[in-house]
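Undergrad: Just passing along the structure, written as structure tokens.
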Amino acid sequence: MAGIVLRHAKDKLNEGREKEFLPPFSRQLPRGIYGILGEKLSLGRTNVDVAKQMVDAGIDILQYREKLKDKSLKEIYDQCRDIRKITEDAGIPFIINDYADIALMVGADGIHQGQDDLPVKALRKIAPHMMIGCSTHSPEQAKKAIEDGADYIGVGPIFTTRTKEDVCDAVGLEYLEHVVKTHDIPFVAIGGIKRHNLRDVLSSGAKTVCLVTEIIGAENIEKSIKEIRNIL
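All the letters of the sequence shown, read from the start, carry residue numbers 0 to 231 under numbering that gives the first Met the number 0.
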């Protein structure tokens with residue numbers, strides 16, 4: 000199914016009908032709080048419910064990153080479709096992790112990929128209008144992502160984190176500072192960032208930050224985002 004959808008999207012672009020896929024946002028990463036969705040950490044709430052709360056609380060950009068293996072593609076599509084409507088109505092960029100086909104189908108604003116996912120260059124061919132982000136964990140990976148045309152990169156994990164099964168070792172603030180000094184590309188700092196260490200991340204040069212469990216794992220999402228915003 001994924002191959003059919005991607006070929007269909009590419010055919011549309013080649014026919015000169017890019018406007019059918021164009022989202023309302025530019026490919027510029029917003030500064031502020033980068034929200035990530037995932038039901039494993041959301042205290043029994045659905046991604047759609049959490050998305051509503053995050054949007055109402057003023058999140059700056061939202062990524063769908065569902066890693067539950069028992070969730071079907073139909074369920075993922077349905078959630079992304081509903082969340083796209085929520086973010087579109089609120090004027091907030093919506094990024095989908097991994098599922099490039101679904102991102103195209105629901106009209107998401109961007110796609111985010113990890114090191115073992117589809118290459119940035121390949122994604123750019125089928126989605127030239129979309130924001131493409133790439134997770135990086137080393138100077139070499141950052142350089143490669145930039146050369147391949149990523150619009151922004153993920154920098155991390157800054158601190159130790161267990162939000163994903165395949166997470167790598169913490170890279171520390173040193174890698175973040177390297178990116179700030181070496182590259183002129185927007186990035187989101189991610190991984191183990193909490194309210195108690197957020198100021199260190201900001202002092203190292205981060206303008207966009209992602210605190211996963213501090214938000215989706217909070218009993219009161221609105222209160223948590225407000226407290227994070229006060230630190231920013």
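Just so you know, even glycine gets a beta-carbon here, dropped at the ideal spot from N, CA and C.
Between Tyr76 and the rest of its own chain, which residues show a CB-CB distance below 6 Å, the 5 nearest in sequence each way excluded?
TA: Only Ile101 meet the Cβ criterion.
Undergrad: Taking Ala149 as the reference, give the member of Gly90, Ile82, Pro156 and Gln140 with the closest Cα.
TA: With distances taken between Cα atoms, Ala149 lies closest to Gln140.
Undergrad: Between the region 212-224 and the region 24-40, do at least 3 Cβ pairs fall closer than 8 Å?
TA: Taking 8 Å as the limit for Cβ pairs, the verdict is that the region 24-40 does touch the region 212-224.
Undergrad: So if DSSP puts Cys133 in a beta bridge, which residue, or which two residues, is it bridged to?
TA: Gln112 and Ile152, per the DSSP bridge assignment.
Undergrad: Distance, Cα to Cα, Ile220 vs Gly57?
TA: Cα-Cα distance, rounded: 11 Å.
Undergrad: Given a threshold of 16 other Cβ atoms within 10 Å of its Cβ, counted over all protein chains shown, does Ile227 qualify as buried or as exposed?
TA: With 16 or more other Cβ atoms within 10 Å, it is buried.
Undergrad: Assuming contact is defined by CB atoms lying nearer than 8 Å, are Ile110 and Ile91 in contact in what I supplied?
TA: Their beta carbons are not under 8 Å apart, which means Ile110 does not touch Ile91 by this criterion.
Undergrad: In this structure, does DSSP put Val47 in helix, strand or coil?
TA: In this structure, Val47 counts as helix in the three-state DSSP scheme.
Undergrad: Is the distance from the Cβ of Gly191 to the Cβ of Phe158 below 8 Å?
TA: Yes.
Undergrad: Based on DSSP bridge pairs, tell me the residues matched to Ala188.
TA: DSSP lists Val154 and Val208 as partners of Ala188.
Undergrad: When the Cα of Ala107 is compared with those of Ser137, Gly155, Gly31 and Glu87, which residue comes out closest?
TA: Out of Ser137, Gly155, Gly31 and Glu87, Glu87 has the C-alpha closest to the C-alpha of Ala107.
Undergrad: Only counting the same chain, and skipping five residues up and downstream in sequence, which positions put a Cβ closer than 6 Å to that of Thr162?
TA: Here the set comprises Val211.
Undergrad: Within a Cβ cutoff of 8 Å, which residues of the same chain sit near Leu28, ignoring the five residues on either side of it in sequence?
TA: Closer than 8 Å at Cβ, skipping near neighbours: Ile60, Met130, Gly132, Asp150, Tyr151, Pro185, Phe186, Val187 and Thr207.
Undergrad: Is Gly34 helix, strand or coil by DSSP?
TA: In the structure shown, Gly34 sits in a strand (DSSP, three-state: E or B).
Undergrad: Is it right to say Ser137 is buried, meaning 16 or more other beta carbons lie within 10 angstroms of its own, or is it exposed?
TA: By the neighbour-count rule (16 or more Cβ atoms within 10 Å), Ser137 is not buried but exposed.
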